[in-house]
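Heads up: the sequence shown begins at 1326 in the working numbering, then just goes up one per residue. So the structure is just underneath, and the comments pick up after that.
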Amino acid sequence: MTLDIDRQLLASLMIMGSVVEARDAYTGGHMWRVGQYSRMLAEEIGLDREGVFRAAIGGFLHDLGKIGIPDVILNGRHRLSQLQTAVMHTHPGIGRTVLAEHPLAPLALEAVAHHHERPDGTGYPDGLAGDAIPLVARIVGVCDAFDAMTSTRSYRSAMSTERACSILEDGRGSQFDAALVDSFLAMGQAGKLLPIIGHGHHGHRLASCPRCGPVIATHGKADGALHVCRACGDEYRLHRKDGGFELEATGRQGGAEQMRPEPDMAPIQELLRLMS
Ligand SMILES: [Fe+2]
């Protein structure tokens, strides 16, 4: 493969991914962060330009298959039941199916289909082990797990970076590729992860709804703007603070228009720039 890719086709692929995030009130910026971590990790281990590009796209699109997971499971406020977990585990396979007919499917298919495989062979969907798991999927697997742990989810709040790093270390060689964990932790030691952790985009620190927890996606909002939590409907006034926003509750509930997701095209434009 060369990087001589049709930009419009690539944009259409990325937009497919951004539809997933529009559905999920909790993942605000997850795709962007996993794309960033994956690009950085690919650079850290010395992959060539094409490998870095594939990691960035694979990281961004990895959860494409969540488009087929019911809302009640995706946004549930409790730990998932056994059946719900089994349904959730179908998302890599759904992603593979959704992507299959896209002309640029080979760019992202490995990451989409295999980011939940584990080196010890107990992952899903195919139970691949060790080097049988494509490298890009092993990269995205480490980065996805780190971001999931350091982000607030519907059933728990974000974990500290230190705790997430020690869990990566514990899963070194069994849940996660050992060499990639080492490289990822080295990036952490060097402070390279800090501009990404807890951010929805470059220089854009995320805020969480003080009442119910999910991320308040505030990209492009001005100081003093009103914003509504898409999970509980509470309305807030945004005040700029430390590269992010402080939320002041207005005591009102938002209307339907205010609860609309706002597509963020900046990560897509950034990936397109990586090509050129
Ligand atoms: Fe996933």
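Idealized CB from N, CA, C, for every residue including glycine.
So, helix, strand or coil for residue i, using DSSP?
i	result
L1335	helix
H1529	strand
R1358	helix
G1448	coil
D1559	strand
K1566	strand
A1433	helix
R1374	helix
I1541	strand
M1475	The residue you asked about is not Met; residue 1475 is Thr in the sequence shown. Three-state result, T1475: coil.
T1422	helix
Q1578	strand
H1552	strand
R1348	helix
H1524	strand
E1442	coil
R1364	helix
E1487	helix
L1453	coil
L1572	strand
R1379	helix
G1481	In the sequence under discussion, the amino acid at residue 1481 is Arg, which differs from the Gly named in the question. Strand, per DSSP.
D1329	coil
R1463	helix
R1598	helix
Residues in its own chain within less than 7 Å of residue i by CB, not counting five upstream and five downstream?
i	result
G1625	This structure cannot settle anything about residue 1625, because the visible part of the chain is limited to 1326 through 1601.
A1381	G1360, S1363, R1364, L1596 and L1599
R1530	G1523, H1524, D1567, G1568 and G1569
D1472	H1355, R1358, V1359 and Y1362
C1537	C1554, A1556 and C1557
G1455	P1444
H1552	I1541, T1543, K1546, Y1561 and L1563
E1573	Y1561, R1562 and H1564
C1534	I1541, C1554, A1556, C1557 and D1559
Would the beta-carbon of residue i be found less than 6 Å away from any heavy atom of ligand 3?
i	result
D1502	Absence of ligand 3 from the depicted structure is noted, with ligand 1 being the only ligands included.
Can you name, in chain order, every residue of its own chain whose Cβ lies under 8 Å from the Cβ of residue i, other than the five neighbours on each side?
i	result
P1459	E1435, A1436 and H1439
P1417	G1390, V1437, A1438, H1439, H1440, H1441, Y1449 and P1450
P1520	H1527 and G1528
G1549	R1562, L1563 and H1564
G1452	E1442 and G1446
With residue i and residue j assumed to form a contact (beta carbons below 8 Å), what rounded beta-carbon distance in angstroms separates them?
i	j	result
M1512	L1366	7 Å
G1383	V1461	5 Å
G1446	I1419	Actually they do not touch by this definition, with Cβ atoms about 22 Å apart.
I1398	Q1409	5 Å
Just checking: is the beta-carbon of residue i within a distance shorter than 7 Å of some beta-carbon in chain E?
i	result
H1529	Of the protein chains in the structure, only one exists, and it is not chain E.
Can you find the residues in the same chain that come closer than 6 Å, C-beta to C-beta, to residue i, ignoring five residues on each side of it along the sequence?
i	result
E1571	H1564
P1586	A1347
R1577	E1560
I1370	S1508
With a cut-off of 8 Å, do at least 3 Cβ pairs link the stretch 1492–1506 to the stretch 1464–1472? yes
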